[in-house]
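Here is the structure we will look at, set down as structure tokens.
Protein chains: 2
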Amino acid sequence: MKTLKEKILNNGESINGGLLKVDNFLNHQIDASLMMEIAKEFVRRYSGKQIDKIITVEASGIAPATMVGYLLDLPVLFAKKSKPGTMGSNMLTAEVFSFTKNSSYTMYINGSYLNSGEKYLFIDDFLANGKAAEGILGLVTQAGAEIVGMGFIIEKGFQNGGKELRDKGIHVESLAIIESLDNGKIVFRE
Amino acid sequence: MKTLKEKILNNGESINGGLLKVDNFLNHQIDASLMMEIAKEFVRRYSGKQIDKIITVEASGIAPATMVGYLLDLPVLFAKKSKPGTMGSNMLTAEVFSFTKNSSYTMYINGSYLNSGEKYLFIDDFLANGKAAEGILGLVTQAGAEIVGMGFIIEKGFQNGGKELRDKGIHVESLAIIESLDNGKIVFRE
């Protein structure tokens with residue numbers, strides 16, 4: 001996706017340890033018009049699929065997922081990263097290790113929003129080691145529902161999450177795949 | 191806002207201690223089409239105001255704020271509730287006490303996204319005691335910028351945040367004001 005790649009090149013910052021900082025338009029400040037363009041592209045790539053609900057993880061997944069939900073007129077469910085006071089007894093959890101933060105967190109979803117037999121499209125900002133995606137896959141499967149696709153704005157192609165998800169037969173779509181961040185230079189996969 | 195009030199009556203749950211649970215369309219599962227309607231109403235209520243940027247707090251503020259940013263073609267900045275690994279040295283913080291969770295959290299904003307002289311519209315899901323709003327007001331003011339309005343989807347009229355913000359001369363707009371949640375019954379202010 002050309003607009004996105006240009007935005008990453010112009011505003012992204014490759015910092016040491018294989019991190020890509022895109023706080024300027026995605027992870028802290030959001031370019032809402034770009035989110036709509038991104039959502040349109042996801043809708044195009046998953047056209048023809050039956051989708052019942054969009055699922056994401058707070059916080060950076062919410063903006064693109066909400067735009068996809070708006071375009072498809074579908075509800076958007078976001079997993080929480082801190083224990084909600086009011087979720088009640090039907091709470092599903094998954095432990096997720098974040099390489100970026102070098103620590104684990106728990107993901108919480110109210111099981112009553114995951115319906116057996118329904119088809120879910122997962123939308124998130126980044127795919128790196130795929131741990132958040134695996135957590136979501138586990139929760140959705142546990143509820144007897146199905147993941148019909150996983151769409152990411154940016155995939156770090158030099159990490160193994162994308163390969164692992166695709167090897168499981170999941171329809172993964174990443175709008176920009178980073179081949180390398182070596183020496184502070186952002187190189188896309190062609 | 192009629193659609194919103196109906197949604198609250200049909201899907202909201204008044205639970206003990208003055209809490210209103212709207213996980214079905216706002217705080218866990220998001221009704222994206224409703225978020226767009228809400229954003230249009232905010233845009234209408236603040237029409238004629240000069241606004242340079244939308245500001246909100248993760249996570250539930252992100253969906254409505256992004257829709258407002260989309261409609262006005264403005265960037266959306268969201269304050270974080272956990273310390274970001276990659277924010278750098280220019281980090282502004284505010285301590286916020288949450289009555290809902292009965293604990294404090296720290297709000298983080300990268301100061302380089304708050305520009306002196308700029309005008310900010312704050313959008314959030316709930317106004318109760320107004321502590322998050324005060325935190326944002328402090329950070330924006332500290333950066334030499336200005337809050338031109340604060341728009342909330344739901345205001346708990348029986349708590350004091352709304353009065354305190356309006357007494358400071360802030361243009362507060364709440365799309366649904368709850369008069370009372372006594373005995374599990376949701377009563378709106380007319």
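Same order as they appear, the protein sequences are chains Y and U.
So in my numbering, spot 105 of the first sequence is number 105, and the numbers just go up one at a time.
Count along the second sequence from 1, add 190, and you get the number used in my numbering.
All residues carry an ideal CB built from backbone N, CA and C; glycine is no exception.
Your pair A269 (chain U) and Y310 (chain U) does not check out as a contact, with CB atoms roughly 11 Å apart and the cut at 8 Å. In this structure, U:V338 is the residue among U:V338, U:D372 and U:E369 with its C-alpha nearest to the C-alpha of K239 (chain U). Buried is the label assigned to G151 (chain Y), since at least 16 other Cβ atoms lie within 10 Å of its Cβ.
Taking C-beta atoms under 8 Å as the contact rule, G169 (chain Y) and R189 (chain Y) fail to qualify, at a distance of about 21 Å. Shown here, K192 (chain U) sits in a helix according to DSSP, grouped into three states. Interface annotation for the region 21 to 34 of chain Y against chain U: K21, D23, H28, Q29, I30, D31, A32 and S33, criterion Cβ-Cβ distance under 7 Å. Residues of the region 89 to 115 of chain Y that bring their beta carbon within less than 7 Å of a beta carbon in chain U comprise T100, K101, N110 and Y113, in sequence order.
When Cβ-Cβ separations below 9 Å define contact, D314 (chain U) makes no contact with chain Y.
Contact with chain U is absent for G184 (chain Y), since none of that chain's Cβ atoms lies less than 9 Å from the residue's Cβ.
L199 (chain U) is classed as exposed because its beta carbon has fewer than 16 other beta carbons within 10 Å across all chains shown. With a minimum length of 3 residues, the unbroken runs of beta strand (DSSP E) contained wholly in the region 45 to 80 of chain Y fall at 53 to 57 and 76 to 79. Contacts with chain Y at 9 Å (Cβ-Cβ) do not include K195 (chain U).
Taking a Cβ-Cβ threshold of 9 Å, none of the residues of chain Y is close to Y310 (chain U); the smallest such distance is about 12 Å.
Under the Cβ distance rule, F268 (chain U) counts among the residues neighbouring chain Y, one pair being separated by less than 9 Å. Between I136 (chain Y) and I55 (chain Y), the C-beta gap is smaller than 9 Å, which places the two residues in contact. Not one beta carbon of chain U lies nearer than 9 Å to the beta carbon of Y46 (chain Y). Contact of D167 (chain Y) with chain U is not assigned, every C-beta pair being separated by 9 Å or more. In chain order, Y260 make up the part of chain U whose C-beta sits under 8 Å from the C-beta of M36 (chain Y). Contact check between the region 86 to 100 of chain Y and the region 60 to 76 of chain Y: fewer than three CB pairs, one atom from each, fall below 8 Å, which does not count as touching. Straight-line spacing of the CA atoms in L210 (chain U) and F42 (chain Y) works out to 34 Å.
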